[in-house]
Amino acid sequence: MTPEDAFVGRRVSGRNAGERYRHAMDIAALGALTLNDSTGSTRRLGELWADRPVVLLFLRHFG
Amino acid sequence: MRDAYPEITAIGGEVVAVGTGDSAYAARFVDDESIPYPVYVDDDGRAAAAVSVRTATPWGLMSPKSWGGTRAAWRAGFRIHRSGKRVRQLGGTFVVGPGPGVVRYEHVDAHSADHAPVDDVLAALRSAGSGV
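For the record, the sequence lines run as chains P and V. Counting from 1, position 38 in the first sequence corresponds to residue 1318 in our numbering; the numbering is continuous, with no gaps. Counting from 1, position 95 in the second sequence corresponds to residue 818 in our numbering; the numbering is continuous, with no gaps.
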């Protein structure tokens, strides 16, 4: 697999299902990040989707 | 997405929100809006950079497309209590996992009123259960 292939996926749903496209996200970089949550606890993001699918919502603002 | 949370968890998924600001700001959001899922703080923008969310232009935030979304959100009872550190950062919705390196769905918001269709998000979650 070339580095370019690592970012190429295939849409699994919606009008363009099956279409190949380049991922917007660098999931390896994202999964390696450690962030604080609303309680102040720290977690490595990749642990959150280790054993279940996760919907990641990037919010423009809280509220 | 909050309204779809029971269905998401019934499928076996979880929701994780990432926003700008600090932990106290996120805690107020969780309390005020009764958010049932974990909320993380991306105060330095590294997570936003990793998922390539867009940045709106000042005139883009004031476009008619944004007005419609703002009105709809207001009527639905949502309130913006305080803007985050990066007020021009737009949002996005992604379905990832289970396991490292698995990206099932991506929606990078094109403007402030653009959001991922919930049905598409649920379909991506169901694909995890079907082994696709």
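Just so you know, even glycine gets a beta-carbon here, dropped at the ideal spot from N, CA and C. In this text, all values refer to a predicted model and were calculated from it rather than measured experimentally.
Using 8 Å for Cβ pairs, my map puts residue i next to residue j. What's the rounded Cβ distance?
i: V764/V; j: D745/V; result: 6 Å
i: G814/V; j: L1339/P; result: 6 Å
i: R777/V; j: D832/V; result: 7 Å
i: A1330/P; j: E829/V; result: Actually they are not in contact, since the Cβ atoms of A1330/P and E829/V sit about 20 Å apart, beyond 8 Å.
Just to confirm, are residue i and residue j a CB contact at a threshold of 7 Å?
i: L1337/P; j: A772/V; result: no
i: R827/V; j: I734/V; result: no
Look at the alpha carbon of residue i and the alpha carbon of residue j, and state the distance between them as a whole number of angstroms.
i: P1333/P; j: V810/V; result: 29 Å
i: I1307/P; j: A770/V; result: 10 Å
i: A847/V; j: P781/V; result: 33 Å
i: A749/V; j: S1318/P; result: 5 Å
i: I758/V; j: R1295/P; result: 30 Å
i: P823/V; j: L845/V; result: 20 Å
i: A1309/P; j: F817/V; result: 15 Å
i: E1284/P; j: L1328/P; result: Bear in mind that a pLDDT of 42 at E1284/P, under 50, signals an unreliable position, so the model cannot answer this.
i: E756/V; j: L1315/P; result: 21 Å
i: G736/V; j: A779/V; result: 30 Å
i: T702/V; j: V738/V; result: Only positions 724 to 855 of chain V appear in the structure, and residue 702/V is not among them; the question remains open.
i: T743/V; j: A727/V; result: 23 Å
i: R1323/P; j: A839/V; result: 26 Å
i: P729/V; j: G1326/P; result: 23 Å
i: H1341/P; j: A836/V; result: 12 Å
i: R751/V; j: G1320/P; result: 13 Å
Helix, strand or coil: which one does DSSP assign to residue i?
i: W815/V; result: Here residue 815/V is Gly; the residue named in the question, Trp, does not match the sequence. G815/V: strand per DSSP, three-state reduction.
i: T743/V; result: coil
i: T780/V; result: coil
i: V762/V; result: strand
i: L1313/P; result: coil
i: R751/V; result: helix
i: L845/V; result: helix
i: L1337/P; result: strand
i: T732/V; result: helix
i: R1332/P; result: coil
Please indicate yes or no: does the CB of residue i lie closer than 6 Å to some heavy atom of the ligand PLP?
i: G822/V; result: This structure lacks the ligand PLP; in fact it carries no ligand of any kind.
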